[in-house]
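Taking it in order: structure first as structure tokens, then the write-up.
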Amino acid sequence: MTDREKLFTVTTSDCKFSYFTAGGKGGQNQNKVASACRVTHPPSGAVGESRGYRHQLENKRAAWKRMVEHPKMKLWIQMESSRLLGIEDKINKTVDEAMLHKNLKIEIKDADGLWIEDNSEQVP
């Protein structure tokens, strides 16, 4: 097994926590005590929320886990990893080369509504 080096970490200081009353069924404790928790990771936009437990700490842990498993967070982790490894530059270069005028085929509709190729050499 190979040792992996950490590229970056996401800590509680990177996130915003908000606490609120859970409401709904559960009686007076759920309506009076701010035991529910919402965790937001601003760079990725991922949000995790939990209100299923009686204690704030348990809801905080569950909300953190949901935030980490959120699709936006997974995408952000992939993008951040590729940026730090330098892969993002290679991807951008490949996309730029693919979008060159010589690689594009431009078609337009004629007066009859039929598709025709645009043979003019318009270089932006």
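Under my numbering, the first residue of the sequence shown carries the number 1369, and numbering increases by one thereafter. Each residue gets a CB set at the ideal place from its N, CA and C atoms; glycine is no exception.
| query | result |
| --- | --- |
| Can you tell me which of N1460, L1443, A1404 and I1445 puts its alpha carbon nearest to the alpha carbon of K1428? | A1404 |
| Hey, quick one: how far does the beta strand (DSSP E) through V1378 stretch, first residue to last? | Looking at the DSSP string, V1378 is not in any beta strand (DSSP E), and its letter there is neither H nor E. |
| Can you have a look at M1441 and say buried or exposed, based on whether 16 or more other CB atoms are within 10 angstroms of its CB? | buried |
| A1402 and F1388: beta carbons closer than 8 Å? | yes |
| Using 10 angstroms around the beta-carbon of A1479, count the other beta-carbons present and answer buried if the total reaches 16, otherwise exposed. | exposed |
| What number of angstroms, rounded off, separates the C-alpha of A1430 from the C-alpha of F1376? | 22 Å |
| Roughly how many angstroms lie between the CA atoms of L1468 and A1390, to the nearest whole one? | 54 Å |
| How would you write the range of the beta strand (DSSP E) that K1332 sits in, first residue to last? | This structure leaves residue 1332 out entirely; the chain is present only between 1369 and 1492. |
| So is R1406 buried or exposed if we call it buried at 16+ other beta carbons inside 10 Å? | buried |
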